[in-house]
Amino acid sequence: MKKNFHVFLLLSILFISCQKENLPITTNYPFYLTSDPIPNQVYLQNGAIKIRLYINKTGNFNPTEYSFSHYILEGKGKLTDTTQTVNYFVNEDYTVNTSNDKLKETIYFKYLPTAIVATEITFLVKNSQGYSDTLIYKFNIAP
532 MKKNFHVFLL LSILFISCQK ENLPITTNYP FYLTSDPIPN QVYLQNGAIK
582 IRLYINKTGN FNPTEYSFSH YILEGKGKLT DTTQTVNYFV NEDYTVNTSN
632 DKLKETIYFK YLPTAIVATE ITFLVKNSQG YSDTLIYKFN IAP
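All the letters of the sequence shown, read from the start, carry residue numbers 532 to 674 under the working numbering.
#1: State the DSSP-derived secondary structure class of Asn-658, mapped to helix, strand or coil.
#2: For the beta strand (DSSP E) that contains Val-627, what are its first and last residues?
#3: So Gly-606 is in the beta strand (DSSP E); what residue range does that whole segment cover?
#4: Which of the three DSSP states is assigned to Asn-535 in this structure?
#5: Helix, strand or coil for Asn-600? Go by DSSP, reduced to three states.
#6: Shorter than 7 Å, the distance from the beta carbon of Thr-589 to the closest heavy atom of the ligand NAD, or not?
#7: Buried or exposed: Lys-581, going by 16 or more other Cβ atoms within 10 Å of its Cβ?
#8: With 8 Å set as the bound, which would you pick, yes or no: does the beta-carbon of Pro-568 sit closer than that to a beta-carbon of chain B?
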């Protein structure tokens, strides 16, 4: 009798735990940041330094929104888009225009230094699913 009770109890627990309605739906939206190689000495091109960040998506990523912010820890200057029409202010979030069918997205920037000094810029990219990644640019500006 005791054995039958334990078998019944075990089967009841298994049956209850296998109900589809109670299973949480989990999705992964991870990504990681990369960039072009950063030389120790960079030369200005028309008074600016070109920066490219790559959002490398992994797993299921439809639909996901991305945003970025940046922090200039060393150096003096401003970050703009490639046409220099949009200034990106430090510590503010900006939406990244992405396509949900691409595995790799590129963000283009220009950094306009106001002083020829060692520079360190930290980029933070996050997505609408709670993932984030940082990338640090460190370079010296050649005179």
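Backbone N, C-alpha and C fix where the C-beta goes; we use that ideal spot for every residue, glycine too.
Let me lay it out:
#1: Sequence index remark: in the sequence shown, residue 658 carries index 127 (1-based). In the structure shown, Asn-658 sits in a strand (DSSP, three-state: E or B).
#2: Position 96 of the sequence shown, counted from the first residue, corresponds to residue 627. Run containing Val-627: 625 to 627, per the beta strand (DSSP E) assignment.
#3: Locating residue 606 in the sequence shown gives position 75, where the first residue counts as 1. No beta strand (DSSP E) contains Gly-606, which DSSP labels as neither H nor E.
#4: If you number the sequence shown from 1, residue 535 lands on position 4. Note: Asn-535 maps to helix in three-state DSSP.
#5: Start at 1 with the first residue of the sequence shown, and residue 600 comes out as number 69. It should be pointed out that residue 600 corresponds to Ser in this sequence rather than to Asn. Strand at Ser-600.
#6: Among the components of this structure there are no ligands whatsoever, and the ligand NAD is therefore not found.
#7: Taking the first residue of the sequence shown as position 1, residue 581 is located at position 50. By the neighbour-count rule (16 or more Cβ atoms within 10 Å), Lys-581 is not buried but exposed.
#8: In the structure shown, chain B does not exist; there is a single protein chain.
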